[in-house]
Amino acid sequence: MSEFNDIQDEYREVMIDSPEPYTTTAPYHPSAVSFLANGTRPIDIEKAPEPRCPTCLEEYSDFCHKPVQIQSCGHVFGYDCLARWVEEHNTCPILARSRFD
């Protein structure tokens, strides 16, 4: 039990001494937000071509991993995975050489 308490104490120190608060999602760049709002559309889980996001392999969920479809090519990804991708790229994660139009 002592080892568990030591680990718990170390965890608390790391969390308290961390310069930034722990968050599960980072704010997205304005261009990514714009693309997600205008260049994608939500899709029903039942209509997704696969039950999992091709980027992270997580199953789609109505609550935490909603599928979205890129309008220009039709590929489907989890919203957060696509948001992280378009932060740094202006291409589809599958068609990396094709620009969004």
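Take the sequence shown: its letter number 26 is residue 26 in the UniProt record's numbering, and every next letter is one higher. C-beta: ideal position from N, C-alpha, C; glycine also. Predicted model only: the values in this text are computed from it and were never measured.
Check: Simplified DSSP state of Ser-61, which is helix, strand or coil; Outcome: strand
Check: contact_flag[the stretch 32–48, the stretch 76–85] where n(CB pairs < 8 Å) is 3 or more; Outcome: yes
Check: Beta-carbon proximity of Tyr-60 to Ile-70, cut-off 8 Å; Outcome: no
Check: Same chain, Cβ closer than 8 Å to Val-68, five either side skipped, listed in chain order; Outcome: Leu-36, Thr-40, Arg-41, Pro-42, Ile-43, Val-76, Phe-77, Gly-78, Tyr-79, Leu-82
Check: Beta-carbon contacts of Thr-55 that lie in its chain and below 8 Å, excluding the five residues immediately before and after; Outcome: Phe-77, Gly-78, Cys-81, Leu-82, Trp-85, Pro-93
Check: DSSP beta-bridge partners of Ile-70; Outcome: Thr-40
Check: Rounded Cβ spacing between Leu-95 and Cys-73 (contact assumed at less than 8 Å); Outcome: 6 Å
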